[in-house]
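Number 1412 in our numbering belongs to position 196 of the sequence shown; there are no gaps in the numbering.
For glycine and all other residues, C-beta sits at the position ideal for the given N, C-alpha and C.
Just so you know, these numbers come straight off a predicted model, no measurement behind them.
Below: the structure, in structure tokens.
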Amino acid sequence: MGQCYYNQTIGFFYNNSGKELSSHWRPKDVVVVALGLTVSVLVLLTNLLVIAAIASNRRFHQPIYYLLGNLAAADLFAGVAYLFLMFHTGPRTARLSLEGWFVRQGLLDTSLTASVATLLAIAMERHRSVMAVQLHSRLPRGRVVMLIVGVWVAALGLGLLPAHSWHCLCALDRCSRMAPLLSRSYLAVWSLSSLLVFLLMVAVYTRIFFYVRRRVQRMAEHVSCHPRYRETTLSLVKTVVIILGAFVVCWTPGQVVLLLDGLGCKSCNVLAVEKYFLLLAEANSLVNAVVYSCRDAEMRRTFRRLLCCVCFRQSTHESARCASSAQASASTRIMLPENGHSLMDSTL
């Protein structure tokens, strides 16, 4: 076993990996922190709104909304973790202890892992509901709670491993460049696991799409409502493309540079883009609130009611008018003829 460097400073490991540790605020640092603080605040506000909406509306006391609430909680945690990073980056990084650096990194890894794992859990729940021709899954609450607990156990495990064992404090030749205290193998495994989640989501949503398309097509043939069939199919395609597209746009750049660094690519200039790609991955916590919540008509109505109560606090007449206008919004539904159940494409 090689020599361990538990008593060294952060600067020692950054110098070993070739990552610059600035001693003053550079324009690039100021831009990254300004953008990061803005995204963090937006993430916190939007996901707090989602959690408040789910808690205040009895109609949301269903398994899919428990999972959406858990997604909002994970993304809220990600906002807090990124806010912590913004206050401990740039020249402040050099002042961190090794324990403080691992706390900073662990918060990010845990929150982002919980967010990605919940996205997969939502996809699986939607698959179960659609195949059972239900608007909402009838999973027992206990199982949903166990699923949520499993998500957080996995996230905490992956987030805490680097501080306890998956680091390079005793093997400097294995240190990554982007995270100079972590082993390159950790970055490779983290990026590959996220890629696996994406492929599973693609498979699940593709199966949902073709299943629903077949069912709606059969209905269209019997009742001669081809325009409605085309409208419903296009809406479903739009929802699936938004879900998968948002994941790809926000996560792929960061996963690519993590994988390149994890594989030890010496010629890849990953340090030039790492901060911006991490910011893009964090922005997914904001996009999630829009894609998974704001496309739900009932969720939009609840948002409007909450915002009316918080921001305006006007007369009862004004509140009634706000609620009335919210109820005018409608969502596209996919009617399955066998038992009259409907599926909102926005919940996919």
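Burial state of V1464 (16 or more Cβ within 10 Å): Taking all protein chains shown into account, V1464 has fewer than 16 neighbouring C-beta atoms within 10 Å of its C-beta and is therefore exposed.
So, is T1254 buried or exposed, given that buried needs 16 or more other C-beta atoms within 10 angstroms? With a threshold of 16 other beta carbon atoms within 10 Å, T1254 falls short and is exposed.
Apart from the five residues just before and just after W1368, which ones in its own chain have a Cβ nearer than 7 Å to its Cβ? Taken in chain order, the residues that qualify are A1330.
Below 8 Å between beta carbons: does that hold for Q1471 and S1401? Cβ atoms of Q1471 and S1401: not closer than 8 Å.
Distance, S1327 Cα to A1297 Cα: The alpha-carbon atoms of A1297 and S1327 are separated by roughly 7 Å.
For S1399, the residue or residues it bridges with in DSSP: Residue pairing for S1399: DSSP places it in a beta bridge opposite C1391.
For H1380, list the residues DSSP reports as bridge partners. DSSP output for H1380 lists no bridge partner at all.
Three-pair Cβ contact test at 8 Å for the region 1389-1396 versus the region 1476-1485: Yes, the region 1389-1396 is in contact with the region 1476-1485.
Quick check on DSSP: helix, strand or coil for W1241? Three-state DSSP puts W1241 in coil, outside helix and strand.
Does the distance from the C-beta atom of C1466 to that of V1503 stay below 8 Å? Yes, the pair counts as a contact, with Cβ atoms nearer than the cut-off.
Could you pull the start and end residues of the alpha helix (DSSP H) that D1512 belongs to? For D1512, there is no enclosing alpha helix (DSSP H), as DSSP marks it with neither H nor E.
What is the rounded straight-line gap between the Cα of Q1219 and the Cα of L1388? If I take the Cα positions, the gap works out to 9 Å.
If I'm right that L1324 touches L1301 with Cβ under 8 Å, what's the distance once you round it to whole angstroms? Taking 8 Å as the upper bound for CB-CB distance, L1324 and L1301 are in contact here, some 6 Å apart.
Excluding five sequence neighbours on each side, which residues of the same chain lie with their C-beta closer than 7 Å to the C-beta of G1234? In the same chain as G1234, and ignoring 5 residues on each side of it, the C-beta atoms closer than 7 Å to its own belong to R1393, in chain order.
As assigned by DSSP and simplified to three states, the class of T1468: Three-state result, T1468: helix.
CB-CB length for H1343 against I1270, believed under 8 Å: Wrong, their Cβ atoms sit about 21 Å apart, outside the cutoff.
What do you reckon, are the CB atoms on S1370 and A1333 nearer than 8 Å? Reading off the sequence shown, one finds Ala at residue 1370, where the question assumed Ser. Closer than 8 Å, so yes.
Closest to V1248 by C-alpha separation, out of F1303, A1294, F1519, L1283, would be which residue? Closest option to V1248, Cα to Cα, is F1303.
Go to Y1298, then tell me how far its alpha helix (DSSP H) extends in each direction, as first and last residue. Y1298 -> alpha helix (DSSP H) spans 1279-1302.
Nonlocal neighbours in the same chain, by C-beta distance under 8 Å from S1399, ignoring five residues either side: Here the set comprises P1378, W1382, H1383, C1384, A1387, R1390, C1391, S1392.
Could you say which of G1375, C1524, Q1433 lies nearest to V1405 if we only look at CA atoms? Cα-wise, what sits closest to V1405 is G1375.
State the CB to CB distance for the pair T1420 and M1340, rounded to an integer number of angstroms; the pair is presumed to be in contact (CB under 8 Å). The sequence as given places Val at residue 1420; Thr does not occur at that position. Right, their Cβ atoms sit about 6 Å apart.
If distances are taken between C-alpha atoms only, which option among A1294, K1491, L1523 comes closest to G1322? That would be A1294, whose Cα lies nearest to the Cα of G1322.
Alpha carbon to alpha carbon, what distance is there between S1238 and N1231? Roughly 11 Å between the two C-alpha positions.
If we ignore side chains and look at the alpha-carbon of each, how far apart do Y1508 and L1335 end up? When rounded, the distance between both Cα atoms is 9 Å.
So, using beta-carbon positions, are G1227 and A1288 closer together than 8 Å? No; because the gap between Cβ atoms is not below 8 Å, this pair is not in contact.
Express the C-alpha separation of P1469 and F1493 in angstroms, rounding to a whole number. If you take the alpha carbons of F1493 and P1469, they lie about 6 Å apart.
Between the beta-carbon of V1299 and the beta-carbon of S1256, is there less than 8 Å? Sequence inspection shows Leu at residue 1299; the Val mentioned does not correspond to that position. Contact annotation: L1299 and S1256 have beta-carbon atoms nearer than 8 Å.
Distance between A1513 and F1519 (C-alpha atoms, nearest Å): Rounded to the nearest whole angstrom, the C-alpha separation of F1519 and A1513 is 10 Å.
Indicate whether F1318 and L1251 have their beta-carbon atoms separated by less than 8 Å. In this structure, F1318 sits away from L1251, with a CB-CB distance that is not shorter than 8 Å.
For the alpha helix (DSSP H) holding F1229, just list the boundary residues, first then last. Start and end: 1226-1233.
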